[in-house]
Amino acid sequence: MRLSLLEPTEKEILNQLGILETKFSSLEKLQNNMQNQNKEIGNLSDRINELAENTTLDELIDAVLEQRAQTGKLESRIENIENNTLDALLNTITIQTQKLNDVENLIAQLSKKPDISNLVETANQQTKEINNLQNQIRELKNIADTNKLADAIEEQGLILTNLEARIQTIERGSNPVTTTPIKEKEEIGEIEPSVKEKDMVFIRSGLFKMGDSFKEGDPDEQPTKTIHIEAFYMDTHEVTVGEYKAFIEKTGNDELDWGKIKKYSPTDNHPVVYVTWHDAMNYALWAEKRLPTEAEWEYAARGGLISKRYPWGDDISIINANYEGKVKRTSQVGSYAPNGYGLYDMVGNASEWCLDEYNETFYTTDFTKNPFSGGRIKQITSNFEGIQSFRVIRGGSWSGNKDDLRVANRNSRPPKDEARIFGFRCVKSIKPLDLINWNG
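Sequential numbering from 142 applies to the sequence shown in this note's numbering.
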């Protein structure tokens, strides 16, 4: 039987079948590849989500690059397949592209640098608050120590006493009406007498801590203790050359070597030096005054400050005194700023004789009021010529070092000693000497 020319031959049919098989094989492979690709994309998407939570920005970028490479492969394959599969592949690519865009947006968000200025400011503030709290804790731990707690309580008492004195002064200025007669208050030393002493400062009665609070000095400055001092007047400055000359002119009592004095105190406004304790006592007797007790001197030198090294505070860098030989001699009185009580040169310039006999263990005795070492003050001030025991000298000098400037520093010399650094100043009690409770 002859085949029609229009009918395909067996060979042609076989060829067409081969072609179809090839196409189906290609499509099958493509479908498998696409399924595998979808799995890879799904895995990659899961990986990207995991990376967003647990990995670095660099790893996310690598994932995007890998996804772009896979997409490029898909695009190449699309060009070689039949049109009937193109739409499906394009749809797949669109979906994958959207996923890529989502990933890129995520990367962009992760890449943004946060505004940390507010965070830094907050952190700094928190650090300051933490430091303040730590400091407060340390202070509380220090105060918790029994001795330090007692000192703190005592110091608060001194502060309150000083505040009460200042309040009385303010009230006296604003409201002169009082329940206690003025004369009676003058007698007990509560207020300054109406008749003022020339070139002297009124020192109100009160409490202060005597001795070395820093434990930097010699053992004779210990232990510290709270002392009550009666009111008194003190010379504003050290006795000058001119003032001592006036004493000589009136009494004829001139035993000084003025040639030596002039070398270190060249004018009448410089403090007189090269004076013995007896010289100072003679001048004070003539002036109707006396030398200060050691406790009165320290009380006045502190100028109302509590537990400070120097009359002006703790800072030695402040130039408030003539010391360490910087000037090579004394300065004119009043050359440096006064302390809180208005007293000049309480440290530096000339060392100052005190009334007391030196007693190395005097601070260990049980005194709390107007301490004095060496007998009865009234007898000593009127009969002192025969005294030979060491006397206290205070305040450092123009040639001394910074340790000598400490208000707690104690020194002593025989009463007949004289030196280029030895001077003095006087005081005057408000009460009669025999009415003061000495060594109470």
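Think of the CB as a built atom: it goes at the ideal place given N, C-alpha and C, for glycine as much as any other residue. Just so it is clear, the structure is predicted and the values come from calculations on it, not from any experiment.
Which runs of the alpha helix (DSSP H) fall wholly inside the stretch 417 to 467 and span at least 4 residues, in chain order? 418 to 427 and 435 to 443
Per DSSP, which residues does residue 535 bridge with? Please list them. In the sequence shown, residue 535 corresponds to position 394, counting from 1. Paired residues: 493.
With DSSP run on the structure shown, which of helix, strand or coil describes residue 349? As a working mapping, residue 349 is identified with position 208 in the sequence shown. Strand, per DSSP.
Taking 8 Å as the threshold (C-beta atoms), are residue 542 and residue 465 in contact? Numbered from 1 along the sequence shown, position 324 holds the residue referred to as residue 465. Numbered from 1 along the sequence shown, position 401 holds the residue referred to as residue 542. Closer than 8 Å, so yes.
Am I right that residue 554 and residue 531 are in contact with their C-beta atoms under 8 Å? What's the rounded C-beta distance? Translated into the one-based positions of the sequence shown, residue 554 becomes position 413. Translated into the one-based positions of the sequence shown, residue 531 becomes position 390. With a Cβ gap of about 6 Å, residue 554 and residue 531 count as contacting.
Taking the CB atoms as reference points, tell me whether residue 367 and residue 354 lie closer together than 8 Å. If you number the sequence shown from 1, residue 367 lands on position 226. If you number the sequence shown from 1, residue 354 lands on position 213. No, these two residues do not count as a Cβ contact at 8 Å.
For residue 319, which three-state DSSP category applies? Position 178 of the sequence shown, counting from 1, holds the residue named residue 319. Residue confidence is low: residue 319 scores 30 on pLDDT, short of 50, so the model does not pin down where it sits. Its coordinate-derived value is still stated next. Of the three classes helix, strand and coil, the one that applies to residue 319 here is coil, per DSSP.
Going by beta carbon distance, what residues of the same chain come within less than 7 Å of residue 398, once the five residues before and after it are set aside? Numbered from 1 along the sequence shown, position 257 holds the residue referred to as residue 398. Answer for residue 398: 415, listed in chain order.
Which value, in whole angstroms, describes the spacing of the CA atoms of residue 508 and residue 514? The sequence position of residue 508 within the sequence shown is 367, counting from 1. The sequence position of residue 514 within the sequence shown is 373, counting from 1. About 11 Å.
Please report the distance separating the alpha-carbon of residue 255 from that of residue 481. The residue labelled residue 255 in the question sits at position 114 within the sequence shown. The residue labelled residue 481 in the question sits at position 340 within the sequence shown. Annotation note: pLDDT 48 at residue 255 (below 50); position unreliable, coordinate value reported separately. When rounded, the distance between both Cα atoms is 56 Å.
At least 3 beta-carbon pairs within less than 8 Å: the stretch 468 to 482 vs the stretch 417 to 437: no
Assuming residue 366 is part of the beta strand (DSSP E), what are its boundary residues? Mapped onto the sequence shown, residue 366 falls at position 225. Unbroken beta strand (DSSP E) run through residue 366: 366 to 370.
In whole angstroms, what separates the C-alpha of residue 170 from that of residue 177? For this step, residue 170 is matched to residue 29 along the sequence shown. For this step, residue 177 is matched to residue 36 along the sequence shown. Each residue's Cα considered, the two are about 10 Å apart.
Roughly how many angstroms lie between the CA atoms of residue 426 and residue 453, to the nearest whole one? By one-based count along the sequence shown, residue 426 stands at place 285. By one-based count along the sequence shown, residue 453 stands at place 312. Spanning the two alpha carbons is a distance of roughly 31 Å.
7 Å CB neighbourhood of residue 351 in its chain, flanking five on each side removed: Translated into positions along the sequence shown, residue 351 becomes position 210. So the qualifying residues of the chain are 365, 366, 368, 436 and 439.
Are residue 471 and residue 556 touching if we call contact CB-CB under 8 Å? One-based indexing of the sequence shown puts residue 471 at position 330. One-based indexing of the sequence shown puts residue 556 at position 415. No, Cβ-Cβ distance for residue 471 and residue 556 is not below 8 Å.
Ordered along the chain, which non-local residues of its own chain (more than five positions away) have a Cβ less than 7 Å from that of residue 533? Your numbering for residue 533 matches position 392 in the sequence shown. Closer than 7 Å at Cβ, skipping near neighbours: 435, 495, 497, 499, 551 and 553.
Would you kindly report the start and end of the unbroken beta strand (DSSP E) that includes residue 374? On the sequence shown, position 233 is the one that residue 374 refers to. 373 to 376 is the span of the beta strand (DSSP E), which, as asked, contains residue 374.
Taking 8 Å as the CB-CB limit, is residue 410 close to chain B? Chain labels in this structure do not include chain B; a single protein chain is all it has.
Hey, could you find the ends of the beta strand (DSSP E) residue 344 is sitting in? Here residue 344 refers to the residue found at position 203 of the sequence shown. Segment 341 to 344, the beta strand (DSSP E) holding residue 344.
Counting C-beta neighbours from all protein chains within 10 Å, is the total for residue 573 16 or more, i.e. buried, or is it exposed? Residue numbering aside, residue 573 sits at position 432 when the sequence shown is read from its first letter. With fewer than 16 other Cβ atoms within 10 Å, it is exposed.
Suppose you measure from the CA of residue 545 to the CA of residue 392; what does that come to, to the nearest Å? On the sequence shown, position 404 is the one that residue 545 refers to. On the sequence shown, position 251 is the one that residue 392 refers to. Taking the straight line from one Cα to the other gives about 34 Å.
Hey, quick one: how far does the beta strand (DSSP E) through residue 569 stretch, first residue to last? Numbered from 1 along the sequence shown, position 428 holds the residue referred to as residue 569. Looking at the DSSP string, the run of the beta strand (DSSP E) that includes residue 569 is 568 to 570.
Helix, strand or coil: which one does DSSP assign to residue 479? Here residue 479 corresponds to residue number 338 of the sequence shown, with the count starting at 1. Of the three classes helix, strand and coil, the one that applies to residue 479 here is coil, per DSSP.
Candidates 448, 385 and 333, of which the one nearest residue 371 by Cα: What you label residue 371 is simply residue 230 of the sequence shown in a count that begins at 1. For the residues 448, 385 and 333, the minimum Cα distance to residue 371 belongs to 333.
Selection from 538, 511 and 569 that minimises the alpha carbon distance to residue 377: Counting from 1 along the sequence shown, the entry for residue 377 is found at position 236. Nearest C-alpha to residue 377: 569.
Quick check on residue 512: does DSSP put it in helix, strand or coil? Within the sequence shown, the letter at position 371 stands for residue 512. Residue 512 falls in the coil class under three-state DSSP.
If residue 131 and residue 536 are in contact, beta carbons under 8 Å, what's the gap, nearest whole angstrom? The first residue shown for the chain is 142 and the last is 581, placing residue 131 beyond what the model contains.
Enumerate in chain order the residues of its own chain whose CB-to-CB distance from residue 558 is below 7 Å, with the five nearest sequence positions on each side excluded. By one-based count along the sequence shown, residue 558 stands at place 417. Correct list, in chain order: 417.
Can you tell me which of the three DSSP states residue 330 falls into? On the sequence shown, residue 330 is found 189 positions in, with the first residue counted as 1. Low confidence applies here, because residue 330 scores a pLDDT of 49, under 50, leaving its location unreliable; read the following figure in that light. In this structure, residue 330 counts as coil in the three-state DSSP scheme.
Would you report the Cα separation of residue 430 and residue 457, rounded to the nearest angstrom? Taking the sequence shown and counting its residues from 1, one reaches residue 430 at position 289. Taking the sequence shown and counting its residues from 1, one reaches residue 457 at position 316. Computed Cα separation, rounded: 33 Å.
When the Cα of residue 516 is compared with those of 571, 579 and 487, which residue comes out closest? By one-based count along the sequence shown, residue 516 stands at place 375. Measuring from the Cα of residue 516, the nearest candidate turns out to be 579.
Proximity of residue 405 and residue 566 at Cβ, strictly below 8 Å: Within the sequence shown, numbered from 1, the residue matching residue 405 stands at position 264. Within the sequence shown, numbered from 1, the residue matching residue 566 stands at position 425. Taking 8 Å as the Cβ cut-off, residue 405 and residue 566 do not qualify as a contacting pair.
Residue interval of the beta strand (DSSP E) (run including residue 553): The residue you call residue 553 lines up with position 412 of the sequence shown. It spans 552 to 554 - the beta strand (DSSP E) in which residue 553 sits, taken as one unbroken run.
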